[in-house]
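A.B. asks: If you use our numbering, the sequence shown closes out at 114, no skipped numbers anywhere.
Positions of the beta carbon are idealized from the N, C-alpha and C atoms, including for glycine.
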Amino acid sequence: MEKYRVIISPRLIEQIKSIRDYVANVKLSPETAERLVTAIFDEIESLELFPERGFDADEKIGVKIDTNGRSSRGITIQNGKYIVIYTVNQEEHSVEVAFLFSSKTDYAKLF
């Protein structure tokens with residue numbers, strides 16, 4: 004099985020940093036924050052093997068998320084705490100991960 008290249012957007016990196024900072028500073032647990040960041044990256048990187056496993060995010064939200072016309076997909080990570088939105092580029096054999104947010108967010112309003 005050929006692996007897909009996982010590309011993480013700068014926006015997503017900033018979102019992960021915000022989560023880390025919140026856990027480290029508000030929850031006062033820097034060790035937990037670092038473990039959480041590692042776990043988030045591990046779950047995102049798992050898309051390299053099964054990029055099509057997620058749900059159809061465009062259908063679920065009711066709007067086309069990707070401006071390049073590709074279908075957006077989503078997965079829940081961290082036992083449903085977060086949702087990751089991504090697109091699969093079959094020609095380049097890559098997964099472009101664009102968004103990460105809390106599953107409690109009314110994410111339909113974000114797009």
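Could you tell me which residues DSSP pairs with N92 in its beta bridges?
C.D. replies: Taking the first residue of the sequence shown as position 1, residue 92 is located at position 89. Beta-bridge pairing links N92 to S97.
A.B. asks: Looking at K6 and E51, is the spacing between their C-beta atoms short of 8 Å?
C.D. replies: Counting from one through the sequence shown, the residue named residue 51 turns up at place 48. Counting from one through the sequence shown, the residue named residue 6 turns up at place 3. Cβ atoms of E51 and K6: closer than 8 Å.
A.B. asks: So the beta strand (DSSP E) I78 belongs to, where does it begin and stop?
C.D. replies: Residue 78 sits at position 75 when you count from the first residue of the sequence shown. Counting along the chain, the beta strand (DSSP E) containing I78 begins and ends at S75 to I80.
A.B. asks: Could you work out which residue in P54, K63, D61 and F58 is closest to R8 when comparing CA atoms only?
C.D. replies: Here residue 8 refers to the residue found at position 5 when the sequence shown is read from its first residue. Selected option, being the one with the closest Cα: P54.
A.B. asks: Can you tell me whether Q18 is buried or exposed, with buried defined as 16 or more other CB within 10 angstroms of its CB?
C.D. replies: Residue numbering aside, residue 18 sits at position 15 when the sequence shown is read from its first letter. Label assigned to Q18: buried.
A.B. asks: Exposed or buried, which one is T70 when buried takes at least 16 other CB atoms within 10 Å?
C.D. replies: Walking along the sequence shown from the start, residue 70 turns up at place 67. So T70 counts as exposed.
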